[in-house]
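Novice: First, the structure itself, so that you have it in front of you.
Listed below in structure tokens is the structure:
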């Protein structure tokens, strides 16, 4: 549908997962400012993936009709910013958590075998990892050894439904492809979408890139989400941690919605409102 209705959106296949599912990157805009939006690192947090798709279609429709999006002129946004979207980093895990993988299939049985060693994690609704049992947002080379030690001390020293950082950084096709793509496009700003908490997490205050504080406040004003420091135990081996380390440019983790993952579809309208306001503010930055 995207290719048919909006040929001005470019679509790239970054890679295929271990189970053959494609991971796509989408590109729209003509501006010099490059913004990268990612969602779906965690299997049971893909309500943010749905929001990215909804925002993209809303933006495209506003461009075609020469209207506004979130109060901003869509054509002006198009000429001000180049936006890259990776809506679903973890399609294998997302299908499992959503119940789209048939019980009894090879994929389901492989995951169930891993899950059996972690009976405290609901299966499949509590699944965050990919189908290899690696938590993709702990698989980046930014204090990865610290993440491995912290998670192993909590019992996640082997493939698991969540919190296992992998055998080494970037040893999963999903993370290797996203890291390579990010190095290729060299974004000026990156937003990593997760759930839940309705909070904005910037990088460490002492190493904040220029402009990061003002951006965080603008995103907070647009969405109503407060800006809070990242808990120290959660500041290792994530995509945002790696981005800040490599590019030294503003990057934020947005924890959308409230409750227990996976969040119910009833929260989709409010999450869409908050995140769309943040996206628009990012393009106007």
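Residue numbers (our numbering): 63 to 347.
Using N, Cα and C, we set each Cβ at its ideal position, and we do this for glycine too.
The structure presented is a predicted model; accordingly, all values stated were derived computationally and were not measured.
Indicate whether residue 316 and residue 240 have their beta-carbon atoms separated by less than 9 Å.
Specialist: no
Novice: With residue 200 and residue 214 assumed to form a contact (beta carbons below 8 Å), what rounded beta-carbon distance in angstroms separates them?
Specialist: No, residue 200 and residue 214 are not in contact; Cβ-Cβ is about 11 Å, not under 8 Å.
Novice: Since residue 102 and residue 151 should fall inside the 8 Å C-beta cutoff, what is the C-beta to C-beta distance between them, to a whole number of angstroms?
Specialist: About 5 Å; that satisfies the 8 Å criterion.
Novice: For residue 118, which of helix, strand or coil comes out of DSSP?
Specialist: In this structure, residue 118 counts as helix in the three-state DSSP scheme.
Novice: Cβ of residue 337 less than 9 Å from any chain B Cβ?
Specialist: Here chain B cannot be found, since the structure has a single protein chain.
Novice: Using 8 Å as the cut-off, can you tell me whether the region 264 to 275 makes contact with the region 228 to 242, which would need three or more C-beta pairs spanning the two stretches below that distance?
Specialist: no
Novice: If we ignore side chains and look at the alpha-carbon of each, how far apart do residue 231 and residue 202 end up?
Specialist: 5 Å
Novice: Would you mind working out which of 117, 140, 126 sits nearest residue 336, comparing C-alpha positions?
Specialist: 117
Novice: Let me check one thing: in DSSP terms, what residues is residue 96 bridge-paired to?
Specialist: 144
Novice: Measure the C-alpha to C-alpha separation of residue 80 and residue 169 and round it to an integer number of angstroms.
Specialist: 10 Å
Novice: Specify, as a first and last residue, the run of the beta strand (DSSP E) that residue 163 falls within.
Specialist: Counting along the chain, residue 163 falls outside any beta strand (DSSP E), and DSSP gives it neither H nor E.
Novice: At 3 residues or longer, and completely inside the region 253 to 291: list those beta strand (DSSP E) runs for me, N to C.
Specialist: Secondary structure remark: continuous beta strand (DSSP E) runs of at least 3 residues inside the region 253 to 291, in chain order: 261 to 263.
Novice: Assess, as a yes-or-no matter, whether the region 321 to 328 is touched by the region 104 to 122 under the definition of 3 or more beta carbon pairs within less than 8 Å.
Specialist: yes
Novice: Residues bridged to residue 104 by DSSP?
Specialist: Bridge partners of residue 104: none, in fact.
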